[in-house]
Structure formats: C-alpha cells, structure tokens
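136 is the number that this note's numbering gives to position 136 of the sequence shown; each next residue is one higher, with no gaps.
Glycine included, every Cβ here is placed at the ideal spot set by N, Cα and C.
Heads up, the thing below is written out as structure tokens.
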Amino acid sequence: MLPYLDKNIPVVLVYNISETFFEFLRKAKSQAAQDHLVFEEQYCGDRAILCVGDPKLVFVTWPIAHAQNSYEQFGYNGTAYLFPQQPSDCLSLDILREPTLLNRLVDYVGASKTVQLIPYATTVQFFELVETLRTQYGLTVILPESPAPENLWLKDYIDTKAGFHLLTNRWLAHAENLLPQAVICHDLAKAATVAHWFSLNDKKCLVKADIGENGIGNLILNPHEFPNREDILHHLENNSFLKNDLVVVEEFISSTNLNSPSLEFFVPPVGHGDPIITYLCAQVFQGYGDFCGVLVGRELLTTNWYPTLVQAGLTIAKNLQKMGYVGHFDLDAIIDDTDNLFLVEINSRRTGGTHTHEFAQFVFGENYLDKVVLLSNESLKSGGAKTFAELQAVIGDLLYPIAQQQKGVVITVTSSLVAGKFGCIIVAETTHEVLALRQS
C-alpha cells in the first residue's frame with residue numbers, strides 16, 4: 001500500500017488511460033486509425049493490477065487473461081478487476097452507464113461507505129463518476145491523487161507544450177540553459193514561418209501539437225529540407241494531429257543514443273507534506289519519440305545530469321503544489337550528445353513506468369534498486385502466440401523466476417495478443433542481464 005493511502009479504507013483504481021487521450025487520438029484521419037490508437041492505449045490497462053499494491057479493486061477496459069496468474073505468483077491476493085461489457089473511449093463513463101459495475105463498486109466499499117478512488121489520470125469524466133458516487137450512492141470519496149475540480153485546469157495546462165514552457169521559464173533559475181529554444185504558434189501558418197526561420201539558420205527543429213501523446217503527430221524538419229515556407233506549410237497541413245490547436249516549434253536536441261531520462265514525482269495537497277521523487281528511469285523507444293517502456297536501474301542515480309534534473313524537478317513540483325496540483329507527474333528530458341540536460345515536457349498523471357516502480361516496491365521492497373534492475377516494454381512482438389497460454393508456452397523458460405533467482409520475464413499486458421503484441425517487465429540483478437533477457 002502506498003504511504004499516503006489509509007490501509008483501513010478500500011482502494012479503487014480506475015485505469016482510464018484512453019479517456020485521457022481520446023480527443024487527441026480521434027484526430028487521426030481514418031476511423032480505423034483512430035480505433036487502433038485508442039486500442040493501443042486501452043490494452044495498457046492490463047498493467048493496472050500491478051499498481052498501488054494490495055488489496056484493491058481495479059477497473060480496466062478489457063479482460064486480463066493473465067490476471068489470476070499474477071495474483072497468485074506475486075501475492076496480489078486481495079486484488080480483483082472489473083471491465084465494461086460495452087467499452088468506449090471513456091472508462092469513467094462506462095462505469096456510470098453499466099449499473100452492474102457501479103453496484104459492484106459500492107458493494108466493494110462496504111458498510112463504511114468510504115473509498116479512496118484513484119484514476120490513471122484525473123479527467124472531467126472521472127469527476128462525473130466521483131459526483132455520482134457522492135450524490136446518488138452516498139459515498140465519501142477520497143481523492144488522494146487528484147486536484148480539486150477547480151484546479152483541474154492546472155493539471156491540463158502543465159501537460160501542454162505551451163503551458164510547460166511558460167511556467168517552467170518563470171520557475172527555473174537557468175531556464176535558458178535547460179529548455180530547448182521554442183516558439184508557441186497560434187496556427188500552422190505561423191508554425192511554418194518559424195520552422196522556415198529555423199531552416200534558414202541551419203537548425204533542425206521539431207513541430208509538436210500543443211496537446212499530444214507519445215510523440216504522435218510530431219514532425220522533425222531538417223535544415224533546407226523544404227525550399228520555402230509554403231512547402232513547409234503544405235507539409236504541416238497534411239498532419240491531422242497539428243490542426244485546430246496551438247503548435248510549438250522547438251529546437252531539435254540531438255541525442256544519438258536516444259538518451260531520455262524521466263523523473264516522476266508525487267505531489268500531495270498543500271499542508272500534507274512536500275513533493276517526493278517516486279522513481280527515475282531511462283525511457284525506451286521504438287523510434288524517435290515512440291515510447292514503449294522504461295529501464296529502472298541504480299546506475300542512473302550516478303549520472304552527471306541527475307542532480308540538475310532533481311533540482312529542476314523539485315522546483316517545478318513545489319510550484320505546482322502551491323498552485324493546487326495534486327498527484328503524480330513525470331518530467332521528461334533529453335541528454336544531448338555532449339551530455340547536456342534539456343527538459344522537454346511534463347506528463348501530469350500516472351505514467352508508463354509507474355506500474356513498474358510500484359510492482360518493484362511491492363515484490364522486492366522499498367530498497368529494490370539495491371537488488372534488481374527492471375525493464376518494461378509494452379509492445380514486444382508475440383510471434384504466433386495469440387493467447388496467454390500460447391505465450392507462456394513460447395517463453396516459458398524465461399518466465400520469472402528463472403532457477404528460483406530474482407530474474408526473468410513478468411507478463412504485464414496480454415489484451416494486445418490479438419494484435420500480435422504483449423507487454424512485460426524483465427527483471428535481473430544487472431542492466432547487462434536485463435538487456436540479455438530482452439534479446440532472448
């Protein structure tokens with residue numbers, strides 16, 4: 001159980017991951033592309049059973065084929081999960097639409113009629129669920145990882161590229177050295193003009209949607225790739241994810257090895273303690289900006305850039321707390337080819353590595369970094385395996401624990417097997433062993 005939770009009050013986790021991003025993902029040009037992107041978010045809900053600790057009730061979008069196996073093997077004996085019969089983009093609204101789910105939630109809370117309700121991300125739809133539980137079912141709903149409704153704007157604002165640059169430029173003493181040069185543009189015409197300026201100055205740039213997810217829609221423009229501003233504008237107009245929003249044109253930070261650390265924080269309400277660091281990771285990508293997992297290991301704590309990242313992150317966390325922010329956020333960075341640190345964005349929610357950290361705490365203890373290194377990946381190819389049983393058969397000799405050691409593969413995502421992919425956490429004592437297991 002997480003330290004800020006009350007062990008005597010039931011915990012319910014709503015893993016509303018596609019609800020967080022669906023408006024942006026629905027900008028894809030075709031219905032098929034939209035549905036694919038939403039599904040890729042939803043299947044990550046499988047990993048929710050490893051979050052928060054135990055006991056808990058979890059709401060996810062799809063059935064989790066490996067759930068019982070995880071309960072029994074890792075000691076989540078008090079964890080159960082539920083899913084809607086007719087899922088949509090918004091899990092919170094799915095729960096409201098299906099009386100069976102609402103009744104199961106109320107039954108789980110029991111006679112005390114008090115619940116600690118935790119979302120993957122706090123949203124307008126999540127607050128609708130909260131209000132219904134309070135007014136129609138008479139529950140006392142405690143929100144340990146959510147800001148007050150009147151501060152929801154802040155959670156959304158710091159998650160935008162424009163909000164990140166504007167606020168961190170005010171808060172950080174040496175922002176000019178920590179943030180890439182960036183220009184916030186009110187439309188594509190202005191973005192094309194700025195991108196052309198970068199080109200004329202022999203600078204590579206990155207064009208980003210203000211509200212984005214996982215690098216989707218980002219465009220990298222090389223110097224002199226387009227002969228004029230009009231050609232750049234035409235290129236931008238072909239990208240549906242850049243339309244009807246602010247656009248940020250940002251200096252491209254070269255990192256040959258895609259060295260991109262991320263530091264996560266938990267921010268309690270004002271008066272309930274200082275913000276704390278939860279974990280540090282190196283982000284894992286399939287391509288530039290295409291996030292697929294994290295590497296969590298003790299070597300990261302000894303890097304030259306770590307103290308600067310901590311100082312900047314805590315400064316941001318304390319200022320967000322003063323403004324009314326509550327909950328998790330991570331601070332993503334890039335280390336360039338000369339070992340300089342650049343801060344690039346904040347994700348104001350639980351993130352793609354939170355489950356890895358909380359699983360490690362639950363299974364290996366608070367000092368897990370002294371014992372193991374963990375590598376999570378949400379989109380490994382499953383070959384011909386289309387069911388959990390088939391996946392187990394294929395990689396059975398690699399499953400945790402190998403030879404009763406703290407080493408092996410922990411299955412985390414199986415809903416995606418229908419698409420030929422699965423997710424896992426690879427555990428070993430060293431980074432070298434983890435990478436060798438991934439290769440295997």
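Going along the chain, which residues of its own chain have a beta-carbon closer than 8 Å to the beta-carbon of residue i, five neighbours each way excluded?
i	result
H196	F226, N228, R229, I232
F291	N214, G215, Q283, V284, F285, G352
D187	V247
N304	D339
S440	L398
Can you tell me which residues form a DSSP beta bridge with residue i?
i	result
L221	C205
L375	L295, I426
K56	T79
P119	V14
A333	L343
E251	C205
E264	Y279, D330
I142	Q116
L399	V409
Where do the ends of the beta strand (DSSP E) carrying residue i lie?
i	result
Y4	Segment: none, Y4 is in no beta strand (DSSP E) and carries neither H nor E.
I276	276-285
L418	Here residue 418 is Val; the residue named in the question, Leu, does not match the sequence. That residue, V418, is in no beta strand (DSSP E); it is neither H nor E in DSSP.
A182	182-185
G408	408-413
For residue i, does the count of other Cβ atoms within 10 angstroms reach 16, so buried, or fall short, so exposed?
i	result
L450	This structure does not reach residue 450, given that the chain is present from 1 up to 440, and the question cannot be answered.
D332	buried
K155	buried
A148	exposed
R349	buried
N377	buried
N169	exposed
S146	buried
Q31	exposed
H328	buried
Q86	exposed
P144	buried
K27	buried
P261	buried
Can you tell me where the alpha helix (DSSP H) with residue i in it begins and where it stops?
i	result
T135	124-135
L154	152-158
H272	Neither: H272 is in no alpha helix (DSSP H) and is coded neither H nor E.
E176	175-178
S30	From DSSP, S30 is part of no alpha helix (DSSP H); its letter is neither H nor E.
A385	Per DSSP, A385 belongs to no alpha helix (DSSP H) and is neither H nor E.
R170	161-171
D107	99-109
L437	431-439
A360	354-364
Y71	67-74
P307	306-323
L188	188-200
D231	229-237
If you measure between the beta carbons of residue i and residue j, is that distance less than 7 Å?
i	j	result
P63	F39	no
T20	A162	no
V115	Y137	no
V183	K208	no
R298	L369	yes
F252	K204	yes
L375	I426	yes
V373	V434	yes
N151	G420	no
E345	F126	no
A191	F265	no
D511	Y81	The structure shown has nothing for residue 511, since the chain only spans 1 to 440.
L50	H355	yes
L96	L57	no
Q321	P275	yes
T278	H357	yes
S501	H224	With the chain covering 1 to 440 only, the question about residue 501 has no answer from this structure.
N239	G212	no
G396	I402	no
E41	I17	yes
L343	L221	no
Between residue i and the rest of its own chain, which residues show a CB-CB distance below 6 Å, the 5 nearest in sequence each way excluded?
i	result
F388	A65, H66, T414
Y15	G45, A48, V60, Y120
I142	Q116
L133	L139, V141
N259	I335
E250	P180, A182, L206
D202	P223
P99	none
In its own chain, which residues sit with a C-beta less than 7 Å from the C-beta of residue i, not counting the 5 before and 5 after it?
i	result
Y43	W62, V413, S415, S416
T315	W171, L172
A189	L233
T79	I49, D54, P55, K56, V58, Y71
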